Amino acid sequence: MLDTIVHALRGLPGELIVFLLGAMPISEVRGAIPVGAWTFHYDIPKTVGLAVLGNLAIVYPLLVFLYEFSHRCRRIPLCGRFLDWWFARVQRKLERANPVKFWAVLLFVAVPFPLTGAWSGCVAAYLLGMRARTAAGAVALGIL
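Sequential numbering of the sequence shown, starting at 966, is according to the numbering used here.
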């Protein structure tokens, strides 16, 4: 899969490809580092730096998009009712997590398992009802 993405981006400079792979949900940092190191033969600090910067660059725009999309979606009656039901359900289940939401999101993103990167961390923070700035901090620290 990464080969296909790298091939599609082949006209771009290698640094930009590693940066973009770091920002993409399919690869994030865990996919961008091997591509930078093995495909472009960059040294590890340069590769890690580009991948992490790409991953950090998407966090705040993604959070803003989630909040805006939800706000606009709530104007549609059926979608609004669904979101209200879904968030009420999530909030009930996560009520006792309120004091530790920041740390929970940070650790969720920091653990190097599949589907626990910045994109999933942003969605988790949004579902937990965290403010965008607080969520961005937790996700960014989890990435680092």
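Cβ coordinates follow ideal geometry from the N, Cα and C atoms, glycine included.
Since the structure is predicted, the reported quantities are computational estimates derived from the model, not experimental observations.
Original post:
Between I998 and the rest of its own chain, which residues show a CB-CB distance below 7 Å, the 5 nearest in sequence each way excluded?
Top reply: Counting from 1 along the sequence shown, the entry for residue 998 is found at position 33. Only T1012, V1013 and A1016 meet the Cβ criterion.
**OP:** Mind checking which residues open and close the alpha helix (DSSP H) that includes P933?
**Re:** Outside the displayed range of the chain (966 to 1109) lies residue 933, so it cannot be described from this structure.
**OP:** Could you give the DSSP three-state label for L975: helix, strand or coil?
**Re:** Counted from its first residue, the sequence shown places residue 975 at position 10. It is Arg, not Leu, that sits at residue 975 in the sequence shown. If DSSP states are grouped into helix, strand and coil, R975 belongs with coil.
Subject >> Identity of the residue in I1108, W1084, V1070 and A1083 nearest G1094 by Cα >> reply: Within the sequence shown, residue 1094 is the residue found at index 129, counting from 1. Looking at the Cα atoms, V1070 is the closest of the given residues.
Subject >> Endpoints, alpha helix (DSSP H) assigned at W1051 >> reply: Indexing the sequence shown from 1 puts residue 1051 at position 86. From DSSP, the alpha helix (DSSP H) with W1051 extends over P1042 to K1058.
Subject >> Residues near V1055 by beta carbon distance below 6 Å, same chain, minus five either side >> reply: Along the sequence shown, read from residue 1 onward, the residue named residue 1055 stands at position 90. Counting only Cβ-Cβ distances below 6 Å, and skipping sequence neighbours, we find L1092.
**OP:** Please report the residue range of the alpha helix (DSSP H) in which L1073 lies.
**Re:** One-based indexing of the sequence shown puts residue 1073 at position 108. Looking at the sequence provided, one finds Phe at residue 1073 rather than Leu. From DSSP, the alpha helix (DSSP H) with F1073 extends over K1066 to A1075.
Original post:
Do I982 and V994 come within 8 Å of each other at the CB atom, strictly closer than that value?
Top reply: Mapped onto the sequence shown, residue 994 falls at position 29. Mapped onto the sequence shown, residue 982 falls at position 17. Not closer than 8 Å, so no.
Original post:
From T1004 to A1097, what does the alpha carbon distance come to, in whole angstroms?
Top reply: Residue mapping note: residue 1004 aligns to position 39 of the sequence shown, counting from 1. Residue mapping note: residue 1097 aligns to position 132 of the sequence shown, counting from 1. Those two C-alpha atoms are separated by around 35 Å.
**OP:** Provide the residue span of the alpha helix (DSSP H) that contains T1099, from first to last.
**Re:** Walking along the sequence shown from the start, residue 1099 turns up at place 134. Looking at the DSSP string, the run of the alpha helix (DSSP H) that includes T1099 is A1097 to I1108.
**OP:** Give me the Cβ distance between A988 and I1023, rounded to the nearest whole Å; I'm assuming they're in contact under 8 Å.
**Re:** Residue numbering aside, residue 988 sits at position 23 when the sequence shown is read from its first letter. Residue numbering aside, residue 1023 sits at position 58 when the sequence shown is read from its first letter. Right, their Cβ atoms sit about 4 Å apart.
Original post:
How about F1073 and A1089: do their beta carbons lie closer than 8 Å?
Top reply: Numbered from its first residue, the sequence shown carries residue 1073 at position 108. Numbered from its first residue, the sequence shown carries residue 1089 at position 124. Contact flag set, yes.
Original post:
W1084: buried (16+ other C-beta within 10 angstroms of its C-beta) or exposed?
Top reply: Position 119 of the sequence shown, counted from the start, is the residue given in the question as residue 1084. Buried.
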